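Visitor:
Number of protein chains: 2
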Amino acid sequence: MGKKKTTFNISKKDNFSEWYTEILAKAEVTDMRYGVKGFIVIRPWGARIIDKMYRIYESALRATGHDVAMMPAVIPEGNFKRESKHVEGFAPDVFWLDENCTGGDEKLALRPTSETAFYELYNFWIRSYRDLPMKMYQRANVFRNETKATRPLIRSREFHWIETHDAFATKKDAEAQVQDDIVMTEEVMHKIFGVPFLPMRRPQWDKFPGAVYTVGSDVIMPDGKVIQQPSTHLIEQHFVKAFDVKFVDEKEKEKTPWLTCYGPCMSRMMASILAQHGDDNGLVLPYTLAPVQVVIVPMGLTAHRSQLTAAVEDIKAQLLHEYIDVKVDDSDKRPGEKFFFWEMKGVPFRMEIGEKELENDEVTLFTRDTKEKVSVSIRDLPETIKNLGAEYDERLIARANEFFGEGVVDCKDKAEIKKALDSGKVARFSFCSAEKEGEECAEFIEKELQARVMGTRGDLNEKASGKCPICGAKAKVKVYAGKSY
Amino acid sequence: MGKKKTTFNISKKDNFSEWYTEILAKAEVTDMRYGVKGFIVIRPWGARIIDKMYRIYESALRATGHDVAMMPAVIPEGNFKRESKHVEGFAPDVFWLDENCTGGDEKLALRPTSETAFYELYNFWIRSYRDLPMKMYQRANVFRNETKATRPLIRSREFHWIETHDAFATKKDAEAQVQDDIVMTEEVMHKIFGVPFLPMRRPQWDKFPGAVYTVGSDVIMPDGKVIQQPSTHLIEQHFVKAFDVKFVDEKEKEKTPWLTCYGPCMSRMMASILAQHGDDNGLVLPYTLAPVQVVIVPMGLTAHRSQLTAAVEDIKAQLLHEYIDVKVDDSDKRPGEKFFFWEMKGVPFRMEIGEKELENDEVTLFTRDTKEKVSVSIRDLPETIKNLGAEYDERLIARANEFFGEGVVDCKDKAEIKKALDSGKVARFSFCSAEKEGEECAEFIEKELQARVMGTRGDLNEKASGKCPICGAKAKVKVYAGKSY
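Protein sequences appear in the order of chains B and Y. Here the first sequence stands for residues 1 to 485, numbered as in my numbering. Here the second sequence stands for residues 1001 to 1485, numbered as in my numbering.
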């Protein structure tokens, strides 16, 4: 059936776009053959990674006082249009349901995001200061009618995310939540998934429709392009007022709560994880997220087949008992084929067991990222694997940090900015303003250098100096700019 | 802020409909105020139950060789219409997207179910007998444009389910899967969630559109009405052929695989769980599914406040360490209010700790279902709770079985059937036929007795005897009939 020896060998550095498209198909992460633009199929290998991501993210959210809810996937037109900036920002991207089939109901939109659903209920649920903070999230599929070219997992018309909606009594508390959201991105996306990022407070012209301000998490892809991962927003109070959400404080005074929202997108984040860690031979999955953490390959040896099978079953049971995801590949493929296949899929550890290993009470362990083989005692295997898995993830993170550290270049003038961008770096430079008056200079950069002004640091204050390299006015802010998809 | 002492005391037996509506609101399971018919909000208390249900169901599916995938929420009209019986059955209930916003794409439906998405891909994924069986599932929100009156969780226009789609080389294997699906419903819905059911092979006129046959799981609600929980289907081969899904067998011969699907719906199943176990004072949640399994109420005692707080924190940490969901209610409400609140929410165990308990190194444990209080040593509390939790769930299941056992009545004639139905029972009787020719008698029963012929046992053979009580023809099958919503 057209089975051919597949090899994967594409330079991630030189041909990232090809590498990305090919590995998603070869490693069976996604399937692009569904036939509707921007709606992709996520195959088991991808769906199991996303499932693990959801569990980790949801645990982190619950540990920080968020509770789960489930909102309808449709939003009535009246809700959606209640806040003018929000509707202005999202309306062009909305899928509407055919009015002929909703039977006299109000016109319904497929949710592009769910502020206007949550706020409808916060109007009922928030009564007094005792109800605050109210911190909720949902895991949901959301829909954006993208007109730009879609890219698998990166820009699609349906995606799978988590959205939090938090309400506070004071602006100070809400702003602290925005910082907490940045910390969560750091704790989960960086320190567990191994994807470093720049927390960027967006320029005023690029914030979330309905927000006072937005902090996005910009990740540098292997080709130097920047993509936004979770963003967090402080919501404008007139958005909250439009839904009549209010509370009575300790002094019986009616007030409007301050709201924030945060949107880590699992499907899009998986794109960064795969791109970040992969190498020219395919995926290199973090140990924590790999659907198969250890693949056991029994080696030849028909003479002692039953002894071997028993040993393999015993090891498998031991690992499973310690919640290690293990798979035995006892198919009739040649060992070389199996090795290649599981390497390409990104499995962290391959365990080979044959005659020699059986005799010595050990296994041979191949590690995906270093490509090294070592002999490991059969005693305490689960403990050994867990320790090696932790070290493996640390290496992945260290390597990602190294790449990321090289990714930002300080620039003084237009020529330096251009040079940095052309060599696939993010440029950092002093800039006139991140307020409305800076937009013209940003547009110039977009047109001349095909790069986007990402904003200023959202987690710390970086001082500007000198003049804006575009308009020559006194620089007020230190900004970052990068190319994006 | 209108805080009033709430009490819950509605007879579940006499006023089930009121009980159900009120408890969903009072226990904060769902919220009906979203304003779009049939689209409900599931609040944290409900969402956390559903989350636990999903985890248990997904584990069971993986343990039986199913792998997870994620399909698009939209289905192109061409896919949807490829199989005439399927489209005929579902078309009236489909939400279509407004064609003006899909930009020249094919007309898109919101998935009412995903056969026509999975089969599109099985066409690519299934090549050879080596690919079989292929067993996949997804957790998904699906949409049915219900025109009948909707009921929270029971009949809604969006619901949250799991759907499996399994492909086999032979009809025998596929039929074995249908039986395995019934076993899974038994293992999970009955033996873990405590909801007994009748596996009913539907009459031909009531099967899934596109199926050879359907086995539904009928649950008897407290008011004697029957609702369908998971159903499993053997799919007709021309449905599979319409998607050109085929495989090459060992002898290089091209064949059409046999497909099955199974659809446990978490939101609807929660309705049965809540209805099954609740009592006149509110919810009684299974220990396994309760968002809070133990609520700790520190009792008064300002003199030893710090000692008490330390003891409570220590117990909480111990329980959490053993993955027991625990909550400390140290709000300033009166103890009686707290007791009432957590009883109404269905928390299995309330742990009271005060001066007496501290002195004796024990806690007072109130158990929700029996309403008994016992003193329990503070030593090995997690172990004690786990054991009591297992016993508690066993009691719930035994009680459900007892109710269920009373629910089916053997009937010989029309009068007996009517009597059984009128007293809120399911009637079992010999019947002319579950094939096309029996439909007229079923319609008669529907019209005259407002009851539905549910079908014949799907898991075993029950012999018919005598004549059909409706038409008088020789009875070929033993059927069940019940009232439904």
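Quick reminder that beta carbons are idealized off the backbone N, C-alpha and C, glycines included. Small disclaimer: the values here were computed from a predicted structure and weren't measured.
1. Taking only three categories from DSSP, how would you classify Ile220(B)?
2. For Val1183(Y), count neighbouring C-beta atoms within 10 Å of its own C-beta (all shown protein chains included) and say buried if the count is 16 or more, exposed if not.
3. Against chain B, with Cβ distances strictly below 9 Å, would Gly1482(Y) count as a contact?
4. Span of the alpha helix (DSSP H) holding Ser59(B)?
5. Would the beta-carbon of Val1195(Y) fall within 9 Å of that of Gln1293(Y)?
6. Say whether chain B places a C-beta atom closer than 9 Å to the C-beta of Ile1050(Y).
7. In the structure shown, what three-state DSSP assignment does Asn141(B) receive?
8. Going by DSSP in three states, Pro1264(Y) sits in which element: helix, strand or coil?
9. What is the DSSP secondary structure of Thr1021(Y), counted as helix, strand or coil?
10. Kindly indicate if chain B contains any beta-carbon less than 9 Å away from that of Ile1042(Y).
11. Decide if the stretch 451–459 of chain B is in contact with the stretch 187–203 of chain B; the criterion is three or more beta carbon pairs, one per stretch, under 8 Å apart.
12. Listed from N- to C-terminal order along the chain, which residues in the stretch 1095–1109 of chain Y have their beta-carbon within a distance smaller than 8 Å of any beta-carbon of chain B?
13. Out of Lys1171(Y), Ala1140(Y), Ile1385(Y) and Val1347(Y), which has the shortest C-alpha to C-alpha gap to Thr1164(Y)?
14. If I measure Cβ to Cβ from Gly46(B) and keep anything under 7 Å in the same chain, skipping five residues before and after, which residues do I get?
15. Applying the 10 Å Cβ sphere with the 16-neighbour rule, what's the burial state of Arg144(B)?
16. So, does the stretch 122–130 of chain B touch the stretch 69–87 of chain B, judging by three or more C-beta pairs under 8 Å?
17. Mind pulling the chain B residues with CB within less than 7 Å of Gly1089(Y)?
18. Confirm, please, whether the CB-CB distance from Phe1429(Y) to Lys1478(Y) is below 9 Å.
19. Around the Cβ of Pro92(B), are there at least 16 other Cβ atoms within 10 angstroms (buried) or fewer (exposed)?
20. Answer yes or no: does any C-beta atom of chain B fall closer than 9 Å to that of Pro1222(Y)?
21. By how many angstroms is the C-alpha of Val74(B) removed from the C-alpha of Glu106(B)?
22. Short of 7 Å in beta carbon distance, which residues of its chain neighbour Ala1434(Y), apart from the five on each side in sequence? Order them along the chain.
23. Given that a residue counts as buried once 16 or more other Cβ atoms are within 10 Å of its Cβ, and exposed if not, what is Ser231(B)?
24. Taking only the alpha-carbon atoms, compute the straight-line gap between Ile1023(Y) and Leu110(B) and give it to the nearest angstrom.
25. Should Gln509(B) and Leu274(B) be called a contact, given that it needs their Cβ atoms to be closer than 9 Å?
26. I need the DSSP call for Lys327(B), collapsed to helix, strand or coil.
27. Tell me whether His304(B) sits in a helix, a strand or coil according to DSSP, three-state version.
28. With 16 other CB atoms within 10 Å as the buried threshold, where does Asp1380(Y) fall?
29. With a cut-off of 9 Å, does the C-beta of Asp206(B) fall near any C-beta of chain Y?
30. What did DSSP end up calling Lys1246(Y) once you bin it into helix, strand or coil?
31. Give a yes or no on whether the minimum CB-CB distance between Lys1037(Y) and chain B is below 9 Å.
32. Could you check what DSSP says for Lys483(B) in three-state terms: helix, strand or coil?
33. Give the straight-line distance between the Cα atoms of Glu1406(Y) and Glu322(B), rounded to the nearest whole angstrom.
34. Just to make sure I have the definition right: I need the residues of chain B whose C-beta is within less than 8 Å of the C-beta of Glu1083(Y). Which are they?
35. Going by the CB atoms, is the gap between Asp218(B) and Phe16(B) shorter than 9 Å?
36. For the stretch 1155–1185 of chain Y, list every residue whose C-beta sits within 8 Å of some C-beta in chain B, in sequence order.
Guide: Looking at the atomic coordinates:
1. strand
2. exposed
3. no
4. Pro44 to Ala63
5. no
6. yes
7. strand
8. coil
9. helix
10. yes
11. yes
12. Phe1095, Trp1096, Leu1097, Asp1098, Glu1099, Asn1100, Cys1101, Thr1102, Gly1103, Asp1105, Glu1106 and Leu1108
13. Ala1140(Y)
14. Val29, Thr30 and Met270
15. buried
16. no
17. Residues of chain B passing the Cβ test: none, with the nearest at roughly 16 Å.
18. yes
19. exposed
20. no
21. 11 Å
22. Pro1203, Gln1204, Gly1455, Thr1456, Val1477 and Val1479
23. buried
24. 30 Å
25. A question about residue 509(B) goes unanswered here, because the residues of chain B that appear run from 1 up to 485.
26. strand
27. coil
28. exposed
29. no
30. coil
31. yes
32. coil
33. 44 Å
34. Correct list: empty, because the minimum Cβ distance to chain B is about 17 Å.
35. no
36. Glu1158 and His1160
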